[in-house]
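Residue numbers (our numbering): 91 to 203. Below is one structure, written out as structure tokens; the observations come after it.
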Amino acid sequence: MPPDNLVSDRDNKPPSQDGINAPKNVFVQVRTKFLPLLRQQLVDLLASLHISNWEKEPRPSLPDALTILCQIASTLHHLRSSTNSIPLDPSRTPEKNLRAPGVVKLPLVTHYN
Numbered sequence: 091m092p093p094d095n096l097v098s099d100r101d102n103k104p105p106s107q108d109g110i111n112a113p114k115n116v117f118v119q120v121r122t123k124f125l126p127l128l129r130q131q132l133v134d135l136l137a138s139l140h141i142s143n144w145e146k147e148p149r150p151s152l153p154d155a156l157t158i159l160c161q162i163a164s165t166l167h168h169l170r171s172s173t174n175s176i177p178l179d180p181s182r183t184p185e186k187n188l189r190a191p192g193v194v195k196l197p198l199v200t201h202y203n
């Protein structure tokens with residue numbers, strides 16, 4: 091049995107079209123959905139804090155700001171999940187990435203019932 095750090099011929103298969111399109115689809119979703127949403131949420135946050143007239147008449151709406159901050163947290167969570175789902179190399183599955191040098195490795199946790 092070869093050591094884990096050696097890649098066998100079966101691991102060198104070219105990526106499937108789905109494997110190539112999946113990261114592109116995630117990038118499109120991030121660019122067209124999550125980033126514009128985050129931008130709008132930041133604009134809304136600034137508006138709720140009344141930054142433009144802060145020195146003359148500070149009237150921040152703190153409940154609105156807190157609501158928007160919760161929405162921003164959710165959007166950032168979706169962004170992180172989306173970008174983490176993209177394999178570093180389309181031909182590698184997440185399990186194969188664990189053996190790749192230079193990749194930050196997080197411990198895998200297996201839950202048993």
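In this text, a Cβ means the ideal position worked out from N, Cα and C, and glycines have one as well.
CB of residue i within 8 Å of CB of residue j, strictly
i, j, result
"T165", "Q131", "yes"
"S175", "V116", "yes"
Short CB-CB distance (under 8 Å) between residue i and chain D
i, result
"P126", "Reference to chain D is not applicable here, since this structure consists of a single protein chain."
Own chain partners of residue i with C-beta closer than 8 Å, once the 5 adjacent residues on each side are dropped
i, result
"F124", "T165, H168, L169 and S172"
"P150", "S138, L139 and H140"
"P245", "Residue 245 is absent from the model: the chain starts at 91 and stops at 203."
Whole-angstrom distance between residue j and residue i, CA atom to CA atom
i, j, result
"R129", "A163", "13 Å"
"N111", "C160", "32 Å"
"W144", "V118", "37 Å"
Residues of its chain near residue i, where Cβ-Cβ distance is below 7 Å and the 5 sequence neighbours each way are ignored
i, result
"L136", "none"
"L127", "T165"
"L152", "none"
Delimiting residues of the alpha helix (DSSP H) encompassing residue i
i, result
"N174", "L152 to N174"
"S138", "L125 to L139"
When the options are compared against residue i, the one with the closest alpha-carbon
i, options, result
"D134", "N111, A112, C160 and A155", "A155"
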